[in-house]
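In this note's numbering, the protein residues as written are 88 to 277.
Glycine included, every Cβ here is placed at the ideal spot set by N, Cα and C.
As the structure is a prediction and not an experimental result, all values here were calculated from the model.
In what follows, a structure is listed as structure tokens, so that the remarks can point back to it.
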């Protein structure tokens, strides 16, 4: 059921049944992606679940206010990014022991060997991207991890597509430079 099809003539409110159905559809269609996106920002499974729950509650409560100027996907991604940013600015985030956080979320569709290799690679990638300034980190995560287009990222971050392209290019360059520095440091150890 499309949100735009649910609005009855005369601006009547959505019925509870319709709201429940829209929420269920959004959770089924975007839940995995929103969870991955939130985890990429906060790197804590419990907090990721809290953020996603808050996003769905806000979505459910504001269904009548959704004007349809963007897709539901963009709307939910924007809400998720905002919730993550609010959390990262909060006092409760600052008191977390960064060294005790897990580096990647578990996955059940890999063999144990594949899982170990995947975790090592993702852990290294997480560390590499985490070193970048937020404005580059978020576009890299949204583009590569959430697999969003430049236009969708622009809609989510409320910036022009060319700005997104510039941040992607600069973020890639900074990541390559950081990667080069890390390889130099590794070589010095041997």
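request  = Pull up the distance between the alpha-carbon of residue 239 and that of residue 247, whole angstroms please.
outcome  = 10 Å
inquiry  = Taking 7 Å as the limit between beta carbons, can you name the residues of its chain near residue 253, skipping five residues before and five after?
reply    = none
query = Under 8 Å, do residue 223 and residue 258 count as touching if we go by C-beta distance?
reply = yes
Residues of its chain near residue 166, where Cβ-Cβ distance is below 7 Å and the 5 sequence neighbours each way are ignored = 142, 145 and 146
query = In the structure shown, what three-state DSSP assignment does residue 259 receive?
reply = helix
key: Collapsed DSSP secondary structure at residue 233 in the structure displayed   = coil
request  = Return yes when the Cβ of residue 125 is within less than 8 Å of the Cβ of residue 111, no when it is not.
outcome  = no
ask   = Which class does residue 185 belong to by DSSP, given the choice of helix, strand or coil?
value = Confidence is the limiting factor: at residue 185 the pLDDT is only 38, short of 50, which leaves the residue's position unreliable, though a coordinate-based value still follows. Helix, per DSSP.
query = Terminal residues of the continuous alpha helix (DSSP H) containing residue 64?
reply = For residue 64 there is no data in the structure shown, the boundaries of the chain being 88 and 277.
query = Would you report the Cα separation of residue 283 and residue 243, rounded to the nearest angstrom?
reply = Outside the modelled stretch of the chain, which goes from 88 to 277, sits residue 283, for which no answer is possible.
ask   = Thinking C-alpha only, which one of 203, 199 and 251 is nearest residue 221?
value = 251
task = Indicate the three-state DSSP secondary structure (helix, strand or coil) for residue 246 in the structure shown.
result = coil
query = Is it right to say residue 133 is buried, meaning 16 or more other beta carbons lie within 10 angstroms of its own, or is it exposed?
reply = exposed
ask   = On the three-state DSSP scale, how would you describe residue 254?
value = helix
As assigned by DSSP and simplified to three states, the class of residue 292 = Within the shown structure, residues of the chain are numbered from 88 to 277, placing residue 292 beyond reach of any answer.
request  = Might you give, ordered along the chain, the residues of its own chain that have their beta carbon closer than 8 Å to the beta carbon of residue 161, omitting 5 neighbours on each side?
outcome  = 239, 242 and 243
inquiry  = So for residue 241, helix, strand or coil by DSSP?
reply    = helix
query = Excluding five sequence neighbours on each side, which residues of the same chain lie with their C-beta closer than 8 Å to the C-beta of residue 106?
reply = 147 and 150
task = Counting only the same chain and skipping the five closest in sequence on each side, list residues whose C-beta sits under 7 Å from that of residue 163.
result = 113, 117, 121, 142 and 146
message = Out of 225, 255 and 261, which one is the CA nearest neighbour of residue 123?
response = 225
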